[in-house]
Every structure is written in C-alpha cells, then in structure tokens.
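These notes concern the structure reproduced below.
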Amino acid sequence: MTMDTQTTDALVVGAGIAGLAAALEADRQGADVTLVTKAERPEEASTWWAQGGIAVTRDDPEQFAADIHDASAGTADPDAVDALVDDADDAVRDILVETLGVEFDTNGDGYDYGQEAAHDEPRILHVDAATGKHVHVPFLNYVADETDVRIREDTAALELIRHEGRVYGAMLEHDGEWAPTFAGTTVLATGGIGALYPRSTNPDDATGDGIAMAALAGADVADMEYVQFHPTAYDGDGEDTFLISEAVRGEGAILRNGTGERFMPDYHADAELAPRDVVARAVKTEREETGEVVLDVSGIDFESVFPDLAEKCADNGVALPEIPVAPAEHFLCGGINVDDRGQTTLDRLYAVGECARTGVHGANRLASTSLLEGLVWGRRAGEAASGFEPQEIEAPELLDRDPALPDNFAREKFHRLRRVMDERVGIERTTDGLQRAQSVLRRLKGEVDAYARTRTSRSLYELRSAAVVSLLVARAASENDESVGCHYLVEETDAPAADAD
Ligand code: SIN
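Using our numbering, the first residue of the sequence shown is number 1289, and each one after it goes up by one.
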C-alpha cells in the first residue's frame, strides 16, 4: 500500500470494540468510513485481551447504576451512568448478539452471568472467561467482510490536521511514509496507556496516541490521575505479565500473603470482592511486607471454568493451585473529555473507548464496564459523526529525519519514563514524588520534542505520545490533593531516587 492523500466522511482511529462500533454505526448511517489501526494482528487491541466480560442490567438498571456509583466512590457523572445503563442491553443485543452472533456462555437457566468485584449480583456476560477475543475477532471480520468500511492496518494516525478549533482529519503513517487523510469527522478510539508503566495488562503499543494528539490539538482532557491498577496480574518477569481475571475471585479464589495467610477480610468487608483499588493496594502492601502474594484457586474448579488461564499458567510454569500475583496498570478512567455522543471540545473530533473520558467511571471503574462503554459510546459517536463532508486544508509540514538521532533513543527514554511513572505516579503517590516526576517528565518531553517534530519513525511519535500523556497524568495527580478511587496519596517516605539522572 502506498500513502496518498485521501478523503473520507468519517475517519476512525483504532480497531478495538469502540472503534469498530463507531465504524459500524457510521457505515449503517451511510457514511463513507475509513478505519485505521496501528495493529497488524487482532491481539494488538486491548479488547482482545478482555477476560471477565460485559456487564448488562438484568432488568435492574437502578442497581447496576448504583454499583457503578459506589465503585467510583460517588464520583461518576450521573448523566453518563444513566446513558450507559439505558443503552446497555440494547447495544449488546443489537451488535454482539444479533449482528455478530456472539454466543455467551449459558447454563440450564439461560445466560450464565458471572460475578465480579463490587457488583451487587452476577450480571457479567462472558465466553470462556476469554470474552475479548470471542467478541473482537467476529467484530473485525464482520466490519471487514459485511460493511463498506475501508480498513487500513499497520497504519498510525499520529497528528491531527486542525485549524481554528476544528479537526479536518489526520496525518497517517504506514511503512515510514506519511500522507494526510481529510475527513468530515475524526473519531479517536486509540485505547489506553499501559505502555507508560513497566507492568500492564494492555498490549505493548498502548501509548496513549489519541489522548496526546487531542491534547496537543487543544481538546480538553480530564480525570487523568485516575489510572486503575488491576490487583491480580501474573507476577512473572516483566513482559510475562498477564491478567488473572476478577472472575476467578468471583468464582471463589482467595488471596494469601507470603506467610500463607488470607488477608483481604482484614482490609474490607467484601474481602477479595472489594473495589478494585482497595484490593490492588492491599496486594501491594502484603507483597512488600511478606514477600509475595498468591491467588489460591484450590477451592474452585479452575481448569474447567478458566481453561485459557489454566493453559497460560501451564505455559509459564505456574505450580497450581497457587498463582503468584501482583498489581499491574490496567485502565485509564479519564481521558479526552466527551459528551454523551462522544463529541470532544473540538469541532468534528470525537473520542470513544478507553481514550475518552465519558464520566462513567469517575475515580474508579466498576469491573466489566469497559467493553460496554466502548460499545455504547461507539454506537452513539458513530451516529453523531455521520453526515459531514471532508474538506481539504493545508496539512502540517513534516521535516526530514534528524541524522543525529541515536538508534536507541526511543528505547532508553521509554525505559526512564516507565521507571518514573512506576515509582512516582503508581498505585500510591506522594506530593513530593509527583513534583519530582513532573520535572523529570518535562525534561524528557523537551528532549523528545526536539526530534518528534521531524518526519521520523513511528516509535518516536509513540514516545512523544507517552511523554505527553505521562505529564498529563502526573500533573493531574499533583493538582488533586484528595485521595479518592485510583488516586491515592500517602505520606512522604524515603522513596528510591530512581528518577535522579
Ligand atoms: C477482569 O477480568 O478482571 C477485568 C475486567 C475488567 O477490567 O473490566
């Protein structure tokens, strides 16, 4: 594929559930849609990795809404929560069941609803506890085969084309070549920010591109300090990390510390099913104090209920029934500020899925609401973003690559960035640590900016995205002096001076 200047009615950036839902809906509305994705394989989207499933109302929308508000410590936006709950069942039925034919697990009584932390009742639809791939693969195939949406893989959108508060499309890159695509509307669905942390449940390339592009173009972002850490990721060596679904605790698995003691009842009345931020902090504390934490699955039929996970454990040499676990970055609750149709504060720019801040999650997200949010807001934004014609304006000028750029520049800067985010902007934060993180990150961003204005590699643009978004997270965290949900401030300690350079 060569890169030429192109036009389209709606340009969707990202091929997870939110981007696919937006593309599908815009196509249904008769728009000419182009969907671009950095990914070359479905596994490169966070949606593919989702395990637990997708929450529905089970005819009790009030209770579902109440659970979302409770998990967010009362900080979720009531209108956004109502929008999610109102559309939930219809979006799941319309797209997942009737259009894609996803067969959620059943038992003798109908759907086999799963239980997860902070849900008042079992209400999670799932497939084999590997729901993401059972939704994502058919969705990609459907959009590719059954709609007129043009999909361009291995293609990154790393700069918005904008003029006076309006977005006209994006500069796209494929195989080192760049060209503008002009669009009536642009929908960002670029996912999360896992690449900013050394341990994450996200795919490797979750560098926050959409958030960085939108923020640099002048769009509002909000709630960036609310980075959710999942309490139970496999505690392997760095890159071996993988999610051990909350559904495993929902089924009855328990957490034990290095002395073999079950500790969660000492932290919260709901024990292993306490809100996620509470469990994540408890796991962190117990690991530090007793050396390790394991998820004990001896009381459940792990292999038959969670075959995919059992296989991953076997591949990693885990001696069941005890799985070593540690918290890992999992989900950004904030992001690009949008309204109930996914409209950002810039004209013709929409955002959906994890890169968007709808207000549904407030300071802490309830489990198994992210696929649902992507589906609901994707559908809404896809409809709202239809009916606009593209217009060509002058595209940003991209200069030639700086020959002085060392080959390992991006790798080294990423390493430093992750270390600072982990130690200063992680599960627990201090006022002083956040100040120090900002000064390191500001310096790092300055170094990156000097090169990223040039026509250069995708990895450098990803590094620029990561630097911009890290600064947004650290700054928002230092401006919020209230510990709530995922943002947790502790007294100063003698923290290691990892960020001294
Ligand atoms: C999980 O399966 O534990 C993750 C579910 C979620 O983050 O919504």
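For every residue, glycine included, the Cβ atom is placed at its ideal position computed from N, Cα and C. The model shown is predicted, which means the values in this text are computed figures rather than measured ones.
N1545 sits buried, since 16 or more C-beta atoms from the chains shown fall within 10 Å of its C-beta.
Taking 4 residues as the shortest admissible run, the region 1331 to 1415 contains the following complete alpha helix (DSSP H) segments, listed from N- to C-terminal end: 1334 to 1337, 1349 to 1359, 1366 to 1379.
Taking one beta carbon from each stretch, the region 1591 to 1607 and the region 1342 to 1361 have fewer than 3 pairs nearer than 8 Å; the two do not touch. Annotation note: the region 1643 to 1717 contains the following uninterrupted alpha helix (DSSP H) runs of length 4 or greater, listed N- to C-terminal: 1658 to 1672, 1697 to 1712. The Cβ-Cβ distance between Y1638 and L1476 falls below 8 Å. Excluding the 5 residues flanking it on each side, F1702 has same chain C-beta neighbours closer than 8 Å at A1483, L1751, A1754, in chain order. Judged by DSSP secondary structure, N1429 falls within the alpha helix (DSSP H) whose first and last residues are 1419 to 1434. Taking the Cα of T1478 as reference, the smallest distance to any Cα among F1392, D1433, E1332, N1768 is reached at E1332. Excluding sequence positions up to five before and after Q1723, its CB lies within less than 8 Å of the CB of S1766, all in the same chain and listed in chain order. The beta carbon of H1518 sits closer than 7 Å to at least one heavy atom of the ligand SIN. In this model, A1559 and M1552 are separated by some 5 Å (Cα to Cα). Within its own chain, the residues whose Cβ lies closer than 6 Å to the Cβ of G1587, once the five positions on either side in sequence are excluded, are G1540, listed in chain order. If the five residues before and after T1578 are omitted, its C-beta is found closer than 6 Å to the C-beta atoms of N1545, G1546, T1547, all from its own chain and listed in chain order. For S1488, the beta-bridge partners assigned by DSSP are E1617. Relative to the ligand SIN, the beta carbon of H1451 is positioned no closer than 7 Å to any heavy atom. By the beta-carbon neighbour count (other beta carbons within 10 angstroms, threshold 16), T1394 is exposed. At a cut-off of 4 residues, the continuous stretches assigned as alpha helix (DSSP H) that sit fully inside the region 1479 to 1565 are 1497 to 1504, 1534 to 1539, 1552 to 1555. Y1776 carries a coil assignment under DSSP once its states are collapsed to helix, strand and coil. The DSSP-derived three-state label of I1624 is strand. Distance from the CA atom of Y1430 to the CA atom of A1327, rounded to whole angstroms, is 17 Å. Taken in chain order, the complete beta strand (DSSP E) segments of 3 or more residues contained in the region 1589 to 1614 number zero; there are none. N1696 counts as exposed, since fewer than 16 other C-beta atoms from the protein chains shown sit within 10 angstroms of its C-beta. R1450: member of the beta strand (DSSP E) spanning 1444 to 1451, first to last residue.
Around the beta-carbon of H1775, 16 or more other beta-carbon atoms lie within 10 Å, marking it buried. Only buried fits P1678, as 16 or more other CB atoms lie within 10 angstroms of its CB. Taking 8 Å as the cut-off, the beta carbon of P1563 is found closer than this to the beta carbon of N1652. Around the beta carbon of E1513, 16 or more other beta carbons sit within 10 angstroms, so the residue counts as buried. In terms of Cα proximity to L1312, the closest of Y1749, S1674, E1576, P1330 is S1674. Just measuring C-alpha positions, the residue of P1612, D1508, V1708, D1378 sitting nearest T1632 is D1508. Counting along the chain, the unbroken beta strand (DSSP E) around V1321 starts and ends at 1321 to 1324.
DSSP, read as helix, strand or coil, puts Q1317 in coil. For A1310, the number of other beta carbons within 10 angstroms of its own is at least 16, and it is reported as buried.
For E1447, the closest of G1398, Y1456, I1439, R1440 by C-alpha to C-alpha distance is Y1456. Of all alpha-carbon atoms in A1359, L1759, D1347, the one lying nearest the alpha-carbon of R1731 is that of L1759. If you check the CB distance, A1361 and G1773 come in under 8 Å.
Closest by C-alpha distance to V1324, out of R1381, L1543, A1303, is A1303.
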